[in-house]
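Residue numbers (the working numbering): 1397 to 1537.
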């Protein structure tokens, strides 16, 4: 195999590695940003819940409904809504994590396939070179 073909093969390998690393870095950055955003949303929701809780309870207490079934249902709905919101955040986090992990697996599979293709191409070029050399043997003697 001549040096130009070897150099080309090496160059293609380096390009594939660079592309793979860039995709992985971008995916890692996206994952980090997603985690930060989801954490911030969760924190904001918790803060809003803590801020609204006193007004919900005092609203019913000021009307003399602090021990009523109406108050109990409203409080259950209020806390249930917050619980549902937290559950949606958890589901979104899980979906995002799965997506980023799937991307990593896809990038790795693409990289592995590119390397396998380059190895096959290299093997074919070596076989062609060997066949060419073998065809010259009868002429050399």
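Note that the Cβ used here is the ideal one computed from N, Cα and C, for glycine as well.
Rounded straight-line distance, which links the Cα of residue j to that of residue i
| i | j | result |
| --- | --- | --- |
| residue 1418 | residue 1495 | 17 angstroms |
| residue 1504 | residue 1513 | 14 angstroms |
| residue 1454 | residue 1465 | 15 angstroms |
| residue 1416 | residue 1518 | 21 angstroms |
| residue 1497 | residue 1404 | 32 angstroms |
| residue 1413 | residue 1406 | 10 angstroms |
| residue 1509 | residue 1515 | 10 angstroms |
| residue 1423 | residue 1429 | 10 angstroms |
| residue 1459 | residue 1441 | 27 angstroms |
| residue 1490 | residue 1483 | 11 angstroms |
| residue 1529 | residue 1523 | 10 angstroms |
| residue 1432 | residue 1488 | 13 angstroms |
| residue 1399 | residue 1534 | 26 angstroms |
| residue 1467 | residue 1461 | 6 angstroms |
DSSP three-state assignment for residue i, whether helix, strand or coil
| i | result |
| --- | --- |
| residue 1533 | helix |
| residue 1435 | helix |
| residue 1464 | coil |
| residue 1477 | helix |
| residue 1447 | helix |
| residue 1440 | helix |
| residue 1409 | helix |
| residue 1427 | helix |
| residue 1469 | helix |
| residue 1420 | helix |
Residue nearest to residue i in terms of C-alpha spacing, selected from the options
| i | options | result |
| --- | --- | --- |
| residue 1450 | 1506, 1516, 1487 and 1474 | 1474 |
| residue 1445 | 1488, 1477, 1506 and 1484 | 1477 |
| residue 1410 | 1531, 1507 and 1530 | 1507 |
| residue 1471 | 1481, 1456, 1485 and 1480 | 1456 |
| residue 1502 | 1420, 1447 and 1401 | 1420 |
Near the ligand MG: residue i beta-carbon under 6 angstroms from a heavy atom
| i | result |
| --- | --- |
| residue 1534 | Ligands in the displayed structure: none, and consequently the ligand MG is not present. |
>> Could you tell me which whole alpha helix (DSSP H) segments of length 4 or greater appear in the segment 1481-1520?
In response: Here no run is fully enclosed.
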